[in-house]
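From first to last, the protein sequence lines stand for chains R and W.
Going by the working numbering, the first sequence opens with residue -5, and the numbers climb by one from there.
Going by the working numbering, the second sequence opens with residue -5, and the numbers climb by one from there.
The C-beta atom is built at its ideal place from N, Cα and C for all residues, glycine as well.
Here the structure is laid out as structure tokens; the discussion comes afterwards.
2 protein chains.
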Amino acid sequence: MNKENIFIREAEEKDIPEIISMIKELAKYEKLLHKVKISEENVKNVAFGNNKFVEILIAEFQQKVCGQVIFFKNFSTFVGKPGYYIEDLYVKPDYRGKGIGKTLLNEVIKRAKEKNFGRVEWAVLDWNVSAIEFYKNRGAFPLNEWIIFRLEEDKF
Amino acid sequence: MNKENIFIREAEEKDIPEIISMIKELAKYEKLLHKVKISEENVKNVAFGNNKFVEILIAEFQQKVCGQVIFFKNFSTFVGKPGYYIEDLYVKPDYRGKGIGKTLLNEVIKRAKEKNFGRVEWAVLDWNVSAIEFYKNRGAFPLNEWIIFRLEEDKF
């Protein structure tokens, strides 16, 4: 592994097709591909438009796009400070084991630290043992008592 | 119960002491009061300053503040649209059973619908059976397979 080969940069509009492709690859791995409806326009609106609030970082390995992290601000009423919520962290299968996921995660954490944020949070599927191990090794802990509830728009 | 007596309004800066007080009451109910560090300045920064991104609605019953909901935008890479994440939903003990919590929740859902958002989400403690029942009755479902991971700032 040579860290020198890993390069993290802000996503640009030209990356949108690749961003969607990686969102779908992650969804497929999570066995949730049938749930994905995102369009190029959706990504443009939330990450590049005037009302952008979603941040996307792209990982390159030897000049090739190999992963991404998609995140946005959240807020804790306990800590009283903003934090980051990571929606997607993905590394393409051929590029795993090179420290790319860790580099992407660390970049988000570094930005949280620079902004004096209070937390970084994300969700993981309970059967994704390798991801859970990876997150614990970085110092994160599971909120086992908490259950996420979701209301979808057909119930609005 | 008389719904006419329930009034929902945007929080104002003058509400900040009451907002913090209700955040602490909720934390106490969740047995997490020792975790609460939020200050008046924190609330001002995130909900009323130039960089505000947190929304707070106040419930009044017969002109008295009796509850609040604190929420902010999130984003789903599956749906491709923003949604709302509810950080706190709280009704003071003396005012429970009057439909105030439901009115607050419905107001957030109404706003999500108006903005064409994709989801409303929140987290609940697994022993809070009455809240879970309340949320299921409104059409929400638990994401039982997902575990929230948290990295706190001492690990940044």
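Smallest Cα separation from residue i: which of the options?
{"i": "residue 26 of chain W", "options": "R/147, R/148, R/139", "result": "R/139"}
{"i": "residue 124 of chain R", "options": "R/22, R/41, R/95, R/111", "result": "R/95"}
{"i": "residue 132 of chain W", "options": "W/108, W/102, W/110", "result": "W/102"}
{"i": "residue 58 of chain R", "options": "R/64, R/67, R/86, R/135", "result": "R/86"}
{"i": "residue 141 of chain R", "options": "W/149, W/130, W/118", "result": "W/118"}
{"i": "residue 148 of chain W", "options": "R/89, R/67, R/137, R/104", "result": "R/104"}
{"i": "residue 38 of chain R", "options": "R/111, R/5, R/100, R/143", "result": "R/5"}
{"i": "residue 56 of chain W", "options": "W/42, W/88, W/137", "result": "W/88"}
{"i": "residue 31 of chain R", "options": "R/41, R/18, R/23", "result": "R/18"}
Where do the N-terminal and C-terminal ends of the alpha helix (DSSP H) with residue i fall, by residue?
{"i": "residue 103 of chain W", "result": "94 to 108"}
{"i": "residue 41 of chain R", "result": "34 to 41"}
{"i": "residue 131 of chain W", "result": "123 to 131"}
Identify the continuous beta strand (DSSP E) that holds residue i and give its terminal residues.
{"i": "residue 53 of chain W", "result": "48 to 55"}
{"i": "residue 79 of chain R", "result": "76 to 85"}
{"i": "residue 4 of chain W", "result": "0 to 4"}
Apart from the five residues on each side of it in sequence, which residues of its chain come closer than 7 Å, Cβ to Cβ, to residue i?
{"i": "residue 113 of chain W", "result": "70, 73, 77"}
{"i": "residue 36 of chain R", "result": "none"}
For residue i, which of helix, strand or coil comes out of DSSP?
{"i": "residue 150 of chain R", "result": "coil"}
{"i": "residue 68 of chain W", "result": "strand"}
{"i": "residue 9 of chain W", "result": "helix"}
{"i": "residue 24 of chain R", "result": "coil"}
{"i": "residue 73 of chain W", "result": "coil"}
{"i": "residue 111 of chain W", "result": "coil"}
{"i": "residue 30 of chain R", "result": "coil"}
{"i": "residue 117 of chain W", "result": "strand"}
Does any C-beta atom of chain W lie closer than 7 Å to the C-beta of residue i?
{"i": "residue 94 of chain R", "result": "no"}
{"i": "residue 54 of chain R", "result": "no"}
{"i": "residue 145 of chain R", "result": "yes"}
{"i": "residue 105 of chain R", "result": "no"}
{"i": "residue 36 of chain R", "result": "yes"}
{"i": "residue 133 of chain R", "result": "yes"}
Cβ of residue i within 6 Å of any heavy atom in the ligand SAH?
{"i": "residue 33 of chain R", "result": "This structure does not include the ligand SAH; it has no bound ligands of any sort."}
State yes or no: is the beta carbon of residue i nearer than 7 Å to at least one beta carbon in chain R?
{"i": "residue 61 of chain W", "result": "no"}
{"i": "residue 142 of chain W", "result": "yes"}
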